[in-house]
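Residues in the sequence shown are numbered consecutively from 56, following the numbering used here. We put the CB at the ideal spot given by N, CA and C, even for glycine. Read the structure below first, then the notes.
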Amino acid sequence: MASLSLSRLSGALRRTPLRLSRSYAIAPAKTAWVPRQYIKPTPTAIPAANVTTDATAAKTETPPPSTSDEFKVSSDAPPPNATAAEGNGNGNGNNVSTGDGATDWSKSYHGLATQAFPKEVIDVLMAPVDPLDVEMKPGEQLYCLEMDIYGLIYLPEIKYRRVLNKAFGPGGWGLAPRSETNVGPKIVSREYALVCQGRLVAIARGEQEYFDPSGIPTATEACKSNALMRCCKDLGVASELWDPRFIREFKAKHCVEVFAEHIPTKKKKKLWRRKDQPKFGYPYQE
């Protein structure tokens, strides 16, 4: 019995180193790290610079310019542009024509300041304004910085058209756009030229406010009327409306400033109206 136990023990001892060697076998050693060797590049030959000597420069020197007639510089002024038509000669696109021979009024200045209109036309354009045609801007009092006055009197745009129709006849005048329509966040503007009897008379930029994108077409039409009013200033139409003395006298004689209450907000404001007009209605109440 004792011999059997010793034999088992000796057998177990003989198997233990084998198991340990299998479980904790030592991995083979890695190859030692060897630093890389830096190989210095071989210098290449730099090509010699192409140096020009005096002798070579003498051979390649540019020959002097020819003295033939085609290289002579004339001191005479150049002739006028043969394609420019007769006009005021201001040199700013005078009488610019399109392909079919019509005047391009978006660029042309044809006829500007060439001569005055006939006397009968001048009398119609510069006739004194009728006080019955002048309107007072309804709403709050407006302050004009240029003339240092409060309130705004104006002539309806249809009155300007009637004056031009009487002076030149229907079809004898027109507004020509000189720029694209500029649509801003709250305002529309465009530049127009007033053409009367085939002559450029005035240039002005019209503007009009709008509060909703659906109102842009209406604002564009009002912008055109505003440009017409400004162009007519150069012809003397209703020029009294820009005269501070006339404005003060007109308002003292034909207008009145009243207190009116805004019914929804119950706020009182000073408003202007003509004396011969009825009192303010809703949303105001005098």
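Cα-Cα separation between arginine 329 and proline 173, rounded to whole angstroms:
Position 274 of the sequence shown, counted from the first residue, corresponds to residue 329. Position 118 of the sequence shown, counted from the first residue, corresponds to residue 173. Straight-line Cα distance between these residues: approximately 36 Å.
Where serine 234 falls, given that 16 or more other Cβ within 10 Å makes a residue buried
By one-based count along the sequence shown, residue 234 stands at place 179. Exposed, since its Cβ has fewer than 16 Cβ neighbours within 10 Å.
Please confirm whether tyrosine 209 and lysine 192 have their CB atoms less than 9 Å apart.
Position 154 of the sequence shown, counted from the start, is the residue given in the question as residue 209. Position 137 of the sequence shown, counted from the start, is the residue given in the question as residue 192. Contact: yes.
Hey, would you say alanine 257 sits closer than 9 Å to lysine 279, going by beta carbons?
Here residue 257 corresponds to residue number 202 of the sequence shown, with the count starting at 1. Here residue 279 corresponds to residue number 224 of the sequence shown, with the count starting at 1. No; because the gap between Cβ atoms is not below 9 Å, this pair is not in contact.
Which residue comes first and which comes last in the beta strand (DSSP E) that contains phenylalanine 314?
As a working note, residue 314 is residue 259 in the sequence shown. 310 to 317 is the span of the beta strand (DSSP E), which, as asked, contains phenylalanine 314.
Would you mind giving the Cβ-Cβ distance between leucine 255 and leucine 167, rounded to the nearest angstrom? I have them listed as a contact below 8 Å.
Stepping through the sequence shown from its first residue, residue 255 is reached at position 200. Stepping through the sequence shown from its first residue, residue 167 is reached at position 112. Their Cβ separation, rounded to whole angstroms, is 5 Å, which keeps leucine 255 and leucine 167 in contact under 8 Å.
Per DSSP, proline 232 is paired with what?
Sequence index remark: in the sequence shown, residue 232 carries index 177 (1-based). DSSP lists Tyr247 as partners of proline 232.
How would you write the range of the beta strand (DSSP E) that alanine 259 sits in, first residue to last?
Position 204 of the sequence shown holds residue 259. It spans 254 to 264 - the beta strand (DSSP E) in which alanine 259 sits, taken as one unbroken run.
So, using beta-carbon positions, are glutamate 262 and valine 250 closer together than 9 Å?
Within the sequence shown, residue 262 is the residue found at index 207, counting from 1. Within the sequence shown, residue 250 is the residue found at index 195, counting from 1. Taking 9 Å as the Cβ cut-off, glutamate 262 and valine 250 do not qualify as a contacting pair.
For the alpha helix (DSSP H) that contains lysine 279, what are its first and last residues?
As a working mapping, residue 279 is identified with position 224 in the sequence shown. That run of the alpha helix (DSSP H) goes 271 to 290.
Might you give, ordered along the chain, the residues of its own chain that have their beta carbon closer than 6 Å to the beta carbon of glutamate 246, omitting 5 neighbours on each side?
Taking the first residue of the sequence shown as position 1, residue 246 is located at position 191. Answer for glutamate 246: Arg233, Ser234, Arg260, listed in chain order.
Is lysine 221 helix, strand or coil when you go by DSSP?
By 1-based counting over the sequence shown, the position of residue 221 is 166. Reduced to three states, the DSSP call for lysine 221 is helix.
Three-state secondary structure assigned by DSSP to leucine 210
Indexing the sequence shown from 1 puts residue 210 at position 155. DSSP, read as helix, strand or coil, puts leucine 210 in coil.
Looking at the unbroken beta strand (DSSP E) that takes in leucine 9, where does it start and where does it end?
A query on residue 9 cannot be resolved here, the shown segment of the chain reaching from 56 to 341 and no further.
Are valine 184 and alanine 282 closer than 9 Å when you measure CB to CB?
Looking up residue 184 in the sequence shown gives position 129. Looking up residue 282 in the sequence shown gives position 227. It is not a contact, given that the beta carbons lie outside the stated cut-off.
Of the residues Pro338, Gly226, Phe301, Pro319, the one placed nearest proline 186, counting alpha carbons only
Start at 1 with the first residue of the sequence shown, and residue 186 comes out as number 131. When each option's Cα is compared against that of proline 186, the closest is Phe301.
Backbone secondary structure at valine 238 - three-state DSSP:
On the sequence shown, residue 238 is found 183 positions in, with the first residue counted as 1. Valine 238 falls in the strand class under three-state DSSP.
Tell me which same chain residues have a C-beta within less than 7 Å of the C-beta of glycine 336, skipping the five on either side of it?
Here residue 336 is taken as the residue at index 281 of the sequence shown, counted from 1. Once the five neighbours on either side are set aside, glycine 336 has no close Cβ partner at all.
Out of Arg303, Val189, Gly239, state which residue places its alpha-carbon closest to the alpha-carbon of aspartate 267.
As a first step, residue 267 must be located in the sequence shown, where it is residue number 212. Cα-wise, what sits closest to aspartate 267 is Gly239.
If you count every other CB in all the chains shown that lies within 10 Å of the CB of phenylalanine 314, and 16 or more means buried, which is it?
By 1-based counting over the sequence shown, the position of residue 314 is 259. Result: exposed.
Test item: CB-CB of serine 161 and alanine 277 under 9 Å
Mapped onto the sequence shown, residue 161 falls at position 106. Mapped onto the sequence shown, residue 277 falls at position 222. Contact flag unset, no.
Tell me which residue opens and which closes the alpha helix (DSSP H) that lysine 174 is part of.
For this step, residue 174 is matched to residue 119 along the sequence shown. Segment 174 to 180, the alpha helix (DSSP H) holding lysine 174.
Taking the alpha-carbon positions, what's the lysine 322 to tryptophan 228 distance?
Along the sequence shown, read from residue 1 onward, the residue named residue 322 stands at position 267. Along the sequence shown, read from residue 1 onward, the residue named residue 228 stands at position 173. Cα to Cα, lysine 322 sits roughly 47 Å from tryptophan 228.
Who are the Cβ neighbours of threonine 138 in its own chain at under 7 Å, not counting the five residues just before and after it?
To locate residue 138, count along the sequence shown from 1; it is residue 83. Low confidence applies to threonine 138: its pLDDT is 41, below 50, so where it sits in the model is not reliable, and the reading given next is rough at best. Once the five neighbours on either side are set aside, threonine 138 has no close Cβ partner at all.
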